[in-house]
Amino acid sequence: MYKISVIPNEKIKNVSKSLYGLFFEDINRAGDGGLYAELLRNRAFEDGIIPKGCTYDKNNRLITSPTGWVSSFDCYEGEGIAGWENGNSNMTLISDDTLNINRKRALSVIFKGGYILNNGFCGVPLEKDKEYRFYFFAGEVKIGFTSLFPTDTYKGRKNGLRQDLVNKLLD
């Protein structure tokens, strides 16, 4: 057994003055659904596309790259549409007639008096009396893109960063 003693108030070594900046790692929704202010998950309906050359292990929900790198992949489109639910309607991902040649997928919906719902990133945290920009591109009832951003982003930039988190980083 080893023993580690932590003395938080005692300075042992000076930190180099050449070290500065911030560290950011996009895990646990730090980027999408975090610093990046988009509120809707899988807005272009492409989250479930297996990257080119990779294979998918359905039992373990893992993808393997051609070089052998393995990673979790919890949104395979063969198992549903990541971030989206429906009530009394039929949702289908389509890869033709996606409303834009740059879009790989679109959502075709047949409403039967029901609804479709985006779960966001662990919910959609709308705040009373705040303004939001909602984008919805569609032809018939094929949804090619959705987006929901607060208008009070950092420096007022359209589709920018979350003001509250950037201010905390700056502090």
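Position one of the sequence shown corresponds to residue 8 (my numbering), numbered consecutively onward. All C-beta atoms, glycine included, are put in the ideal place defined by N, C-alpha and C. Predicted model only: the values in this text are computed from it and were never measured.
**Study point:** Segment contact flag, the segment 8-23 with the segment 76-96, C-beta cutoff 8 angstroms, min 3 pairs
**Key:** In short, these stretches do not touch, since the Cβ pair count stays below three.
Review point. Which residues in the same chain have their Cβ closer than 6 angstroms to the Cβ of residue 54, if we skip the five residues on either side of it in sequence?
Key: Taking C-beta separations shorter than 6 angstroms and ignoring five residues to either side along the sequence, the partners of residue 54 in its chain run 82 and 89, following chain order.
Review point. So, residue 140 versus residue 153, is the Cβ gap smaller than 8 angstroms?
Key: Contact: no.
Check your understanding: Measuring CA to CA, which of 155, 143 and 117 is closest to residue 134?
Key -> Answer by Cα proximity: 155.
**Study point:** Integer-rounded CB distance, given that residue 123 should sit under 8 angstroms from residue 98
**Key:** For a cut-off of 8 angstroms, the C-beta gap from residue 98 to residue 123 is around 6 angstroms, short enough to register as a contact.
Exercise for review: Please classify residue 81: does DSSP put it in a helix, a strand, or coil?
Suggested key: Correct three-state label for residue 81: coil.
Practice item. List the whole-angstrom C-beta distance separating residue 100 from residue 110, where the pair is believed to meet the contact cut-off of C-beta under 8 angstroms. Key: For a cut-off of 8 angstroms, the C-beta gap from residue 100 to residue 110 is around 11 angstroms, too long to register as a contact.
Exercise for review: Write down every uninterrupted run of the beta strand (DSSP E) in the segment 90-171 whose length is 3 residues or greater and which is fully enclosed by it, in chain order.
Suggested key: If only uninterrupted beta strand (DSSP E) runs of at least 3 residues are considered, those enclosed by the segment 90-171 are 91-101, 113-125, 139-145 and 149-157.
Practice item. From the DSSP output, read off the bridge partner residues of residue 7. Key: Nothing about residue 7 can be reported from this structure: the residues present for the chain run from 8 to 178 only.
Check your understanding: Using the C-alpha atoms, what's the distance from residue 31 back to residue 136?
Key -> The alpha-carbon of residue 136 is positioned some 31 angstroms away from that of residue 31.
Practice item. Express the C-alpha separation of residue 119 and residue 163 in angstroms, rounding to a whole number. Key: Near 39 angstroms, if we compare the C-alpha coordinates of residue 119 and residue 163.
Review point. Taking Cβ to Cβ, would you say residue 96 is nearer than 8 angstroms to residue 117?
Key: A contact, by the Cβ cut-off of 8 angstroms.
Review point. Given that a residue counts as buried once 16 or more other Cβ atoms are within 10 Å of its Cβ, and exposed if not, what is residue 45?
Key: Classification of residue 45: buried, given that the 10 Å Cβ count is 16 or more.
Point to revise | Beta-carbon proximity of residue 93 to residue 127, cut-off 8 angstroms | key: Going by C-beta atoms, residue 93 is not nearer than 8 angstroms to residue 127.
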